[in-house]
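Step one of this worksheet: look at the structure below.
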Amino acid sequence: MEKADLLLKVDEKYYPPQEIVEQAWIKDYESLYKQSIEDREGFYSKIAEELEWFQKWDKVLEWNYPYAKWFINGKTNITYNCIDRHVKNGKRNKVAFISIDEEGNEKKVTYGELLDLVSRLANGLKSLGIKKGDRVSIYMPNTVEAAIAMLACARIGAIHSVVFAGFSEGALKIRIDDAKAKAVITATYTKRRGKKIPLFPTVKEAIKDLDFVEKVILWDRDNELSEEYEEHNVVDFYKLIKNSSKDCPPEIQDAEDPLFILYTSGTTGKPKGVLHTTGGYMVNTYMTSKYVFDLKENDIYWCTADVGWITGHSYIVYGPLANGVTSIMMEGVPVYPHPGIWWEYVEKYGVNVFYTAPTAIRMLMRFGDEIPAKYDLSSLKVLGSVGEPINPEAWLWYYKNIGRGKAVIVDTWWQTETGAHMITTVPSYPAKPGKAGKPMFGIEVAVVDKQGNPMPPNQVGHLVIKNPWPSMLRTCWGEPERYEKYWNEIPGYYSAGDLAAIDEEGYIMVVGRADDVLSVAGHRIGTAEVESAIVENHAVTEAAVIGKPNEIKGESIKAFVILKEGYQPSEELKERIKDTVREVLGPIAVPDEIEFVDKLPKTRSGKIMRRLLKARELGLEIGDTSTLEE
Ligand code: WTA
Numbered sequence: 001m002e003k004a005d006l007l008l009k010v011d012e013k014y015y016p017p018q019e020i021v022e023q024a025w026i027k028d029y030e031s032l033y034k035q036s037i038e039d040r041e042g043f044y045s046k047i048a049e050e051l052e053w054f055q056k057w058d059k060v061l062e063w064n065y066p067y068a069k070w071f072i073n074g075k076t077n078i079t080y081n082c083i084d085r086h087v088k089n090g091k092r093n094k095v096a097f098i099s100i101d102e103e104g105n106e107k108k109v110t111y112g113e114l115l116d117l118v119s120r121l122a123n124g125l126k127s128l129g130i131k132k133g134d135r136v137s138i139y140m141p142n143t144v145e146a147a148i149a150m151l152a153c154a155r156i157g158a159i160h161s162v163v164f165a166g167f168s169e170g171a172l173k174i175r176i177d178d179a180k181a182k183a184v185i186t187a188t189y190t191k192r193r194g195k196k197i198p199l200f201p202t203v204k205e206a207i208k209d210l211d212f213v214e215k216v217i218l219w220d221r222d223n224e225l226s227e228e229y230e231e232h233n234v235v236d237f238y239k240l241i242k243n244s245s246k247d248c249p250p251e252i253q254d255a256e257d258p259l260f261i262l263y264t265s266g267t268t269g270k271p272k273g274v275l276h277t278t279g280g281y282m283v284n285t286y287m288t289s290k291y292v293f294d295l296k297e298n299d300i301y302w303c304t305a306d307v308g309w310i311t312g313h314s315y316i317v318y319g320p321l322a323n324g325v326t327s328i329m330m331e332g333v334p335v336y337p338h339p340g341i342w343w344e345y346v347e348k349y350g351v352n353v354f355y356t357a358p359t360a361i362r363m364l365m366r367f368g369d370e371i372p373a374k375y376d377l378s379s380l381k382v383l384g385s386v387g388e389p390i391n392p393e394a395w396l397w398y399y400k401n402i403g404r405g406k407a408v409i410v411d412t413w414w415q416t417e418t419g420a421h422m423i424t425t426v427p428s429y430p431a432k433p434g435k436a437g438k439p440m441f442g443i444e445v446a447v448v449d450k451q452g453n454p455m456p457p458n459q460v461g462h463l464v465i466k467n468p469w470p471s472m473l474r475t476c477w478g479e480p481e482r483y484e485k486y487w488n489e490i491p492g493y494y495s496a497g498d499l500a501a502i503d504e505e506g507y508i509m510v511v512g513r514a515d516d517v518l519s520v521a522g523h524r525i526g527t528a529e530v531e532s533a534i535v536e537n538h539a540v541t542e543a544a545v546i547g548k549p550n551e552i553k554g555e556s557i558k559a560f561v562i563l564k565e566g567y568q569p570s571e572e573l574k575e576r577i578k579d580t581v582r583e584v585l586g587p588i589a590v591p592d593e594i595e596f597v598d599k600l601p602k603t604r605s606g607k608i609m610r611r612l613l614k615a616r617e618l619g620l621e622i623g624d625t626s627t628l629e630e
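Now the structure itself:
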């Protein structure tokens, strides 16, 4: 565990500036934490009371291991709390989203306008026959239209399943098929580095054989595709909005009614459809946004994630809206049109809370300190990090060059499955670079061995959560056995699949995944998913994929490939295999390196020993090979 040893050396504490502590929501983390553990249900019910319910819950938690229900018989609608509640409270003209495209064009949408747009689209969806419980896939650029699409589904109780627009046809098809989506909401294209990346053609290909998809709702960005409409049962996104009534009372949702499915990578080739429900998810994304980012009424908030990932769901759409702040959404990449673009917008909009991934920080670091130095970043008070471990070097760069010592860093550990932050500091207590911090309110975590025995301080083991929490996944869509596995791996606990260590002061350092899941540029990718994409190339018979440490991306992908008889290894063939992965899964999953081999190490039961390949590749000790076949 060399990587861990290195990180454990960093133990310096960074104290928050006095002004931040003085006005923070949470001034005494320790006492509130203690209270939240002693009376978990009381704690969450107090938070839930800050939101509006059409009918109050009878009971906060029903726990039938490993199945939990929260806010039993509570009735609400998350869009009511995210939009109507603010409009009713005098914020009709407050900006909810500033959506910026790559050319810097901005679209401002107020809470009042958001209510109008979401209600109309919701009515539009109803008019197309979409009802409560139906699934709707969303394959959209990272613009306000994506948020509107999600909220319109939630308004009528339809279950959205957003698919990251960087995924290609194969990945999109599996997700639409698994959810049996009745409709797909998409756009003609998204933009990246000045180039249009077509989305609609990918949708058309993906749904070719999926006859349960009845409609495609298309945001025709340049009004250029009208002739396609009849042919493919396509409905125009903005026409549907325009032609539908703005009066759409929110569907009365039970707290446990499904809100969305979001597919994420596991250890097998098939992604898992993580299911989140309404009440608990709403309460926990609201609470964590408020306390971790210390959100205040007039804050300008910017999360640079994409709505296609859980961070976009919880911390672009639901959490910030539930708190009624103004959010920035940006389409595109952090270095286009220039590597200071993010800081330019922080200055322009006076961003107070900024939330991004370590990969982006490491990438921007490379361009030098002079770039952020050109901008006035004094509005920043909280800087967030998410998605992968942040190395102390990147942490310090973020702290000094972006926060300028005046902002705090919150390194938030959580997962698609957890729905909301689980481990992080809050702004009022000191952070340690490279360590996420302590558990959030209501959450008890431990680092244990495979049998569930606690590890001594500073020793790496498996990260587990010891209790149910409101925003926990309720199941994996159509695969309850995969859900149960989270709670059966180490009996009694939820296994996160991560390795971590806890120091003497209770700060938790998350080291990385314990399983065959990669984290490439903060994107969660399954080795088995990449392997099955590689074998779609007709020249390949078998493949094994490992992650290699990468200075910027965290991990890069290396594939070991066995060719079919009659195919000769060549550089050109490597490129063709990469093309296959790009077509099937998408650019984020393309291996950086391919090596042709004759054999792969396997266990006696025939499983590829990726651990062995990785150890060999990195020149590490191979460890226990007693199960190796040969
Ligand atoms: C990793 C993203 C270290 C971890 C919200 C986890 C992190 C996986 C952190 C979930 C962090 C996320 N420090 N590692 N602050 N945040 N991870 O589902 O391995 O896309 O299990 O959710 O990302 O990825 P997911």
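Using full-length UniProt numbering, you'd call the opening residue of the sequence shown number 1 and step up by one each time. For each residue, glycine too, the CB sits at the ideal point set by N, CA and C.
Reduced DSSP category for serine 385 - H, G, I as helix; E, B as strand; rest coil: strand
Within the segment 517-557, ranges of the beta strand (DSSP E) (whole runs, at least 3 residues): 517-520, 523-526 and 540-550
Helix, strand or coil: which one does DSSP assign to aspartate 236? strand
Three-state secondary structure (DSSP) at serine 428? coil
Do you know how far the Cα of alanine 615 is from the Cα of phenylalanine 560? 14 Å
Looking at the strands, I want to know which residues DSSP matches up with lysine 137. It should be pointed out that residue 137 corresponds to serine in this sequence rather than to lysine. Answer is Ser161 and Val184.
Tell me, please, which residues DSSP counts as bridged to lysine 107. Ser99
Status (buried if at least 16 other CB within 10 Å, exposed otherwise) for proline 587: exposed
Identify, in the order they occur along the chain, each residue of the same chain with its Cβ nearer than 6 Å to the Cβ of tryptophan 342, setting aside the five sequence neighbours on each side. Pro334
Buried/exposed call for threonine 264, threshold 16 Cβ in 10 Å: buried
Could you tell me whether any non-hydrogen atom of ligand 1 is closer than 7 Å to the CB of proline 320? no
Minimum length 4: unbroken alpha helix (DSSP H) runs contained in the segment 308-349: 319-322 and 341-349
Apply the 10 Å Cβ neighbour rule to leucine 7 and answer buried if 16 or more other Cβ atoms are within range, or exposed otherwise. Bear in mind that the predicted position of leucine 7 carries a pLDDT of just 48, short of 50, making it too unreliable to give a figure here.
Helix, strand or coil for glycine 452? Go by DSSP, reduced to three states. coil
Backbone CA spacing between aspartate 579 and alanine 183 [nearest angstrom]: 29 Å
State the Cα-Cα distance for the pair methionine 455 and valine 447, rounded to the nearest angstrom. 6 Å
Going by the CB atoms, is the gap between glutamate 251 and isoleucine 156 shorter than 8 Å? yes
Would you mind sorting tyrosine 494 into buried or exposed? The rule is 16 or more other CB atoms within 10 Å of its CB. buried
Quick one: does the C-beta of aspartate 498 sit closer than 7 Å to a heavy atom of ligand 1? yes
What do you get for alanine 373, buried or exposed, if any count of 16 or more other CB atoms within 10 angstroms of its CB means buried? exposed
Could you tell me which residues DSSP pairs with glutamate 593 in its beta bridges? Lys558
Decide if lysine 34 is buried, meaning its Cβ has at least 16 other Cβ atoms within 10 Å, or exposed. exposed
Closer than 7 Å to a non-hydrogen atom of ligand 1 - does that hold for the CB of tryptophan 70? no
When you compare only the Cα positions, how much space is there between aspartate 449 and valine 511? 15 Å
Under 8 Å, with one C-beta from each stretch per pair, do the segment 472-491 and the segment 64-81 reach the 3-pair mark? yes
What residues are listed by DSSP as bridge partners for isoleucine 465? Val445 and Tyr494
What residues in its chain sit with their C-beta under 7 Å from that of threonine 190, if we drop five residues either side in the sequence? Pro141, Ala165, Ile197, Leu199 and Glu331
Could you tell me whether any non-hydrogen atom of ligand 1 is closer than 7 Å to the CB of valine 386? yes
Proximity of valine 307 and alanine 501 at Cβ, strictly below 8 Å: no
Given 7 Å as the limit, tell me if arginine 576 has its C-beta closer than that to any heavy atom belonging to ligand 2. Absence of ligand 2 from the depicted structure is noted, with ligand 1 being the only ligands included.
Using CA atoms only, rank isn't needed, just tell me which of Gln253, Leu114, Pro439 and Lys88 is closest to glutamate 505. Pro439
Is it right to say histidine 313 is buried, meaning 16 or more other beta carbons lie within 10 angstroms of its own, or is it exposed? buried
Could you tell me the boundaries of the beta strand (DSSP E) in which valine 410 lies? 408-412
Taking glutamate 347 and leucine 383 to be in contact with their CB atoms under 8 Å, please state how far apart those CB atoms are, rounded to whole angstroms. That belief does not hold up - the Cβ atoms of glutamate 347 and leucine 383 are roughly 15 Å apart, past 8 Å.
How would you call phenylalanine 212, buried or exposed, if buried means at least 16 neighbouring beta carbons within 10 angstroms? exposed
Confirm, please, whether the CB-CB distance from valine 87 to glycine 112 is below 8 Å. yes
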